Each structure stands twice: as C-alpha cells, then as structure tokens.
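J.:
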Amino acid sequence: MRVRRALLFMPGDSRPKIEKGAALGVDSIIMDLEDGVALNNKPAARASIAAALREVEFGSTERLVRINPVGGEFYADDLMATVAARPDGYVLPKVESAQQIEIVSEWLFQAEAEYGFPQGSIALLPIVESARGIVNLREIAGADPRVAALIFGAEDFAGDVGAIRTSEGKEVLYARSAVVTHAKAFNVQAVDTVYLKLDDTPGLIAETRFCLELGFTGKLAIHPRQVAPMQAVFTPTPDEVAAARRLIEAHEAHQAAGTGAFALDGKMVDMPIIRAAQSVLARAEAATRS
Ligand code: COA
Ligand code: MG
714 MRVRRALLFM PGDSRPKIEK GAALGVDSII MDLEDGVALN NKPAARASIA AALREVEFGS
774 TERLVRINPV GGEFYADDLM ATVAARPDGY VLPKVESAQQ IEIVSEWLFQ AEAEYGFPQG
834 SIALLPIVES ARGIVNLREI AGADPRVAAL IFGAEDFAGD VGAIRTSEGK EVLYARSAVV
894 THAKAFNVQA VDTVYLKLDD TPGLIAETRF CLELGFTGKL AIHPRQVAPM QAVFTPTPDE
954 VAAARRLIEA HEAHQAAGTG AFALDGKMVD MPIIRAAQSV LARAEAATRS
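If you want the working numbering, it's the 1-based position in the sequence shown plus 713.
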C-alpha cells in the first residue's frame, strides 16, 4: 500500500503551486477543482490540471485531483477534462452514499478501457464531511475496491451539524473516530482534516500527533510549510523502531520458551502490545519505501 502521510492541497488553477508541490517530496498532492477554485474558473482549472499532469515531473509524489461533488453540475466535466492525463486517483468531496462512489468507479472502468489504462488502477479517496456521510460510513468504506482511504473533513462537518470549532476539536471527536474505525474495519487508510493555521507549527504537530494516536495514517495539508512536520509525525523515530524491535525479540524468546504474557521494564506485554510494535515497524518500513 502506498504511504500517504501528508496530502497537500493546492488550487488546480495555480500552475506555480502545482509545480511547487511537485518538488517538495510530499507523499501526495491534491489538485483542487472544488472549494479552492472560484466558480468562474473551473474550466481554466480543469485545463491547468490536465496540462500539469502531462508536463510536470512529480517524482514519487502521488497525483490526485479533487473533483466537485458527485451528483452536482460540475463533476462530470471535471472527470472528462482530466482522466486522459491519467491522475493516480480522484478525491471525492461531500460523499454521503456508496452510490456516488459507484457512479465514478463505473465511469472510470470505461475511461480506463478507452485509454488503455489497467482496469481499476485509478484510486478513489472519499471525503466524509457531513452528518449523513458519517451515518453512512459503513457503505462508503465498503463501496468499491478503488477506495484507498477515507478522508475526514472537519470544517464542512462542523458547519453541517451546527457545531462550533474549538482548537481541541472535541466537537468533531465522534466523527473523527468514526472515520478511523470504519477505515480500519475495511482495511483502508484514514486521513485527517486540514489544519487551518498556516503559521502554527507547534499546534500543527500537536494535532497531527493526536491524529496518529487515534489511528490516522495521514493528514491533509494546505501549505508547503506543513508537509515536513506532518510527515515526520507519521514516521516512527529510530528510538521508537528500536523499542519495537526489542519488544518483538523479547516476545519471540518468551513464545519459544512457552510463555505468552511477560513483564518488560515493569510493564505487562502480551499480544495487543506486540501488534502495536509490529505496526510501528510497518509504518517505518512504509516510510523508507516512499
Ligand atoms: N501548494 C503549493 N505551493 C503553495 C501552497 C500550496 N498549497 N501554498 C502556498 N504555496 C507557495 C506559494 O505559491 C509561495 O510560493 P513562492 O514563494 O514561490 O511565491 C510559497 O508557497 C509561500 O506561500 P505564502 O505566501 O506563505 O502563502 P500564500 O499567501 O501565497 O497562500 C494560501 C496562502 C492559503 C492561499 C495557500 O497556502 C493555498 O492556496 N493553500 C491551499 C488552498 C486550497 O487548496 N484549498 C482547498 C482545500 S482546503
Ligand atoms: Mg470540504
């Protein structure tokens, strides 16, 4: 599975920002056609994204396009104008049902056949950002094998339920946790919402750390400055890797001697602790592959 620790948004009509994003070493970029683009500039943004996909050198960065809401007036034109330039995937905003994902997936099968792309190769990353979306997470997460990650959108969600945003985010904790739980139940990645303050690296790190603790595998970014600190939070430190290895070695020695649970440094160790250590090693391994 591709590692997606930071996913950097930029307006699709800004070629300079697309080029800047392509050179940052960020895991994924999301060229936006939805809320980051003015209504009268959607056609120009579609053309700009298609040209960038063909012309810009993105290295190992994943190239995603956020289209407008499926079922609305813009999304079909968004897909038609960009698919031939072969993005790695589409980010779908305001998803509330499996049907919205199925519509795009079916359409992509035909486009993939037409352009000779491998069937099913274009990924889908739905953003769940409404009360109805949260209530329907189960059908959304399991809608289609193209779904690679569930993304949580806190600002739209808070607006939809009439919540008032706080810096601790207690008003979105239920929805955030629901997104992670459903993502994990369906074996896809979980990506957290944007951090709006552009000049607050300590706050960004604290919130990213909180998301890591909840089980998220990545977070949306909106400024180049946010990328490195975010990717660092989702990458285990050498000390964390060494501690995880030590736990697993001790566990293997105890298993060989016929013991399950044991004590290490004054703490009980059994299978859930070992699984957590294995997950640290898996994250470290994925980060070195990126
Ligand atoms: N992606 C790529 N490059 C970006 C960027 C982004 N998201 N945000 C800023 N940059 C670039 C700027 O173009 C500028 O480049 P330069 O130094 O070569 O001129 C540099 O980074 C510094 O930018 P800065 O002046 O600090 O920010 P700004 O005032 O130009 O832009 C925002 C502020 C919020 C408009 C901008 O960060 C942005 O467009 N963010 C993404 C918005 C978006 O996509 N929203 C929809 C999803 S929530
Ligand atoms: Mg939104």
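For each residue, glycine too, the CB sits at the ideal point set by N, CA and C. Quick caveat, the model's predicted, so the values are computed rather than measured.
Assuming contact is defined by CB atoms lying nearer than 7 Å, are residue 726 and residue 754 in contact in what I supplied?
T.: Within the sequence shown, residue 726 is the residue found at index 13, counting from 1. Within the sequence shown, residue 754 is the residue found at index 41, counting from 1. Contact: yes.
J.: With residue 1006 as the anchor, note down where its beta strand (DSSP E) starts and where it stops.
T.: Outside the displayed span of the chain (714 to 1003) sits residue 1006, for which this structure offers no information.
J.: Would you check whether ligand 2 has a heavy atom nearer than 6 Å to the C-beta of residue 745?
T.: Within the sequence shown, the letter at position 32 stands for residue 745. It does not: the Cβ of residue 745 is nowhere closer than 6 Å to a heavy atom of ligand 2.
J.: Using alpha carbons as the reference points, say which of 777, 866, 879 lies closest to residue 837.
T.: In the sequence shown, the residue the question calls residue 837 occupies position 124. The residue with the shortest Cα to Cα distance from residue 837 is 777.
J.: So the candidates are 901, 897, 946; which of them puts its Cα closest to the Cα of residue 919?
T.: The residue labelled residue 919 in the question sits at position 206 within the sequence shown. The residue with the shortest Cα to Cα distance from residue 919 is 946.
J.: Please list, in chain order, all residues of the same chain as residue 922 whose beta carbon is under 6 Å from its beta carbon, the five residues on each side excluded.
T.: The count along the sequence shown starts at 1 and reaches residue 922 at position 209. Taken in chain order, the residues that qualify are 946.
J.: Is residue 1021 near ligand 1, judged by its Cβ being under 6 Å from some heavy atom?
T.: Residue 1021 is absent from the model: the chain starts at 714 and stops at 1003.
J.: Based on Cα-Cα distance, which residue from 736, 932, 973, 762 lies nearest to residue 779?
T.: Residue mapping note: residue 779 aligns to position 66 of the sequence shown, counting from 1. Considering only alpha carbons, the answer is 762.
J.: Where does residue 822 fall in DSSP's three states?
T.: Here residue 822 is taken as the residue at index 109 of the sequence shown, counted from 1. Helix at residue 822.
J.: The alpha helix (DSSP H) that contains residue 902, what's its start and end?
T.: In the sequence shown, residue 902 corresponds to position 189, counting from 1. Secondary structure note for residue 902: it is in no alpha helix (DSSP H), and the uninterrupted beta strand (DSSP E) holding it is 902 to 905.
J.: For residue 684, which residues does DSSP report across the bridge?
T.: Because the chain in this structure spans residues 714 to 1003, residue 684 falls outside the shown range and cannot be described.
J.: Tell me whether residue 907, by its Cβ, gets closer than 6 Å to a heavy atom of ligand 1.
T.: Numbered from 1 along the sequence shown, position 194 holds the residue referred to as residue 907. Yes, ligand 1 has a heavy atom inside 6 Å of this Cβ.
J.: Going by beta-carbon coordinates alone, are residue 957 and residue 1000 separated by less than 7 Å?
T.: To locate residue 957, count along the sequence shown from 1; it is residue 244. To locate residue 1000, count along the sequence shown from 1; it is residue 287. Result no, Cβ atoms of residue 957 and residue 1000 do not sit closer than 7 Å.
J.: In terms of residue numbering, what span does the alpha helix (DSSP H) encompassing residue 839 cover?
T.: Within the sequence shown, the letter at position 126 stands for residue 839. Element bounds for residue 839: not the alpha helix (DSSP H) but the beta strand (DSSP E), 836 to 841.
J.: Beta-carbon separation of residue 954 and residue 997 under 7 Å?
T.: Against the sequence shown, residue 954 aligns to sequence position 241. Against the sequence shown, residue 997 aligns to sequence position 284. Yes, the pair counts as a contact, with Cβ atoms nearer than the cut-off.
J.: So does residue 869 have its beta carbon nearer than 6 Å to some heavy atom of ligand 2?
T.: Here residue 869 refers to the residue found at position 156 when the sequence shown is read from its first residue. Yes.
J.: DSSP beta-bridge partners for residue 737?
T.: Taking the first residue of the sequence shown as 1, we reach residue 737 at position 24. Answer by DSSP bridge pairing: none, since residue 737 is not bridged.
J.: Any heavy atom of ligand 2 inside 6 Å of the beta-carbon of residue 842?
T.: Stepping through the sequence shown from its first residue, residue 842 is reached at position 129. Yes, the beta carbon of residue 842 sits closer than 6 Å to at least one heavy atom of ligand 2.
J.: Between residue 808 and residue 743, which are expected to be in contact by the criterion C-beta below 8 Å, what is the C-beta distance as a whole number of angstroms?
T.: Walking along the sequence shown from the start, residue 808 turns up at place 95. Walking along the sequence shown from the start, residue 743 turns up at place 30. In fact, because the Cβ distance is near 15 Å, the residues do not count as touching under 8 Å.
J.: Near residue 1076, which residues of its chain fall below 6 Å by C-beta distance, leaving aside the five closest residues on each side in sequence?
T.: The question about residue 1076 has no answer here: the residues shown for the chain are numbered 714 through 1003.
J.: Short check: CB of residue 736 to CB of residue 944, under 7 Å?
T.: Locating residue 736 in the sequence shown gives position 23, counting from the first residue. Locating residue 944 in the sequence shown gives position 231, counting from the first residue. No, these two residues do not count as a Cβ contact at 7 Å.
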